[in-house]
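Working notes, beginning with the structure itself.
Chains as they are written, first to last, in the numbering used here: chain A, 412 to 656; chain B, 1032 to 1082.
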C-alpha cells in the first residue's frame, strides 16, 4: 500500500497512467452524456409545478455538485500535500482550480436562468446563492494566490492553507437550505428518507452527474499531464519524451 | 419540433442554460488541450536550443 502510494505519487508514473486513462474516461463520459441528454430532454415528463423549465436541473445540479466535489478534492490534496509532501498533490490542485471555477460559474448562471422564471428574479442574496458565490471567489483566490508566488513549493503551501480554511464553506453551501429561510428549493436527492423525484427524472440527472464527473477527470488528467511536463522539465524522462514527439 | 424548442414558454431559459453548459465544457476541453500543446512546444524548443 505504501509503495503503491509513493509510486502513484511519482510524476512519471502518474503521467503514463493518466495518458492511458483519458480516452476511456472520455468515451464513457460521452456515452453517459448522450444518454442523459436524451432521457432528460425527450423522455422525462414535464414537472407538475414547474412545467418544462425544470429541465435546467439536468445541467444545474450536476454543475453545482461538481463545484463542491472539486473543491473538496482539492482540499483533500492540500491536506495530503501539507502532511506528506507528495509532489503530485500540487499538480492536481492547480489543474483542478480552473475546472472547478468554471463549474461554479455554470451552477450560478444556470441557477440564475432557472430563478428568473420560477422566483421572478435573477439573483437574491440568500444563503445558498451567496455561499456558492463565495465558492467561486475561493477558486479565483486560490488561483491568484498560487500564480503570485513564483516558487512552486511555497505557492502550493500557501494555496493549500487557503483551500483548507475555505473548506468550511462546503457544509455551509450544503446545509444552507435547511439552516436559513431561503428562496432556493431544498435538496432533491440527498435526503435521508426517499428522494422527492421520480425515477424518470432521477435517471437523467444521475447520468448527467456521472458524465460531468468523468468530464472533470478527463480535463484534470490532461491538465495535470501538461503541468507535470512543465515542472519536471529538467528530468531525463521528460527530455526523452519530448524528443520522441 | 417547434413545440420542443418552445419548452412550454421557457425555451429561452432552458436553451440558454444548455448552451452555457455546452460552452463551459467545450472551453474546458480546448483550454486543457491547448495548455498541453503549448508546454510540449515550449519544451521541445528549449531542448533544441540546448543541443
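Every residue, glycine too, gets a C-beta built ideally from N, C-alpha and C.
Ranking A/542, A/555, A/517, A/496 by CA distance to the CA of residue 568 of chain A puts A/496 first. Partner residues in a beta bridge of residue 537 of chain A, as assigned by DSSP, do not exist. Taken through DSSP and simplified to helix, strand or coil, residue 531 of chain A comes out as coil. Counting C-beta pairs closer than 8 Å gives three or more between the region 424 to 443 of chain A and the region 621 to 641 of chain A, which meets the contact rule.
Taking a C-beta distance under 8 Å as the contact criterion, residue 587 of chain A and residue 455 of chain A do not qualify as a contact pair. DSSP places residue 641 of chain A within a helical segment (H, G or I) once states are collapsed to three. Below the 7 Å Cβ cutoff, chain B contributes no neighbours of residue 561 of chain A, its closest Cβ being approximately 17 Å away. Secondary structure of residue 651 of chain A (DSSP, three-state): helix.
A straight-line Cα-Cα distance of about 16 Å links residue 649 of chain A and residue 502 of chain A.
DSSP lists no bridge partner for residue 562 of chain A.
For residue 497 of chain A, no alpha helix (DSSP H) run applies, since DSSP gives it neither H nor E. Close CB contacts of residue 525 of chain A within its chain, under the 7 Å cut and outside five residues either way in sequence, are with 464, 467, 471 (chain order). Its chain contains no residue whose beta carbon lies nearer than 8 Å to that of residue 438 of chain A once the 5 sequence neighbours on both sides are disregarded.
In terms of beta-carbon proximity, residue 462 of chain A lines the interface with chain B, with at least one pair separated by less than 8 Å.
From the listed residues A/640, A/421, A/490, A/479, the smallest Cα separation to residue 582 of chain A is found for A/479. In this chain, the alpha helix (DSSP H) harbouring residue 1033 of chain B covers 1033 to 1037. Residue 448 of chain A sits away from residue 571 of chain A, with the two beta carbons spaced by 8 Å or more. At a cut-off of 8 Å between beta-carbon atoms, residue 457 of chain A makes contact with chain B.
With respect to the 8 Å criterion, residue 489 of chain A and residue 575 of chain A are classified as neighbours on the basis of their beta carbons.
With contacts defined by Cβ atoms closer than 8 Å, residue 481 of chain A and residue 514 of chain A form a contacting pair. Put simply, the backbone Cα of residue 1047 of chain B is about 22 Å away from that of residue 594 of chain A.
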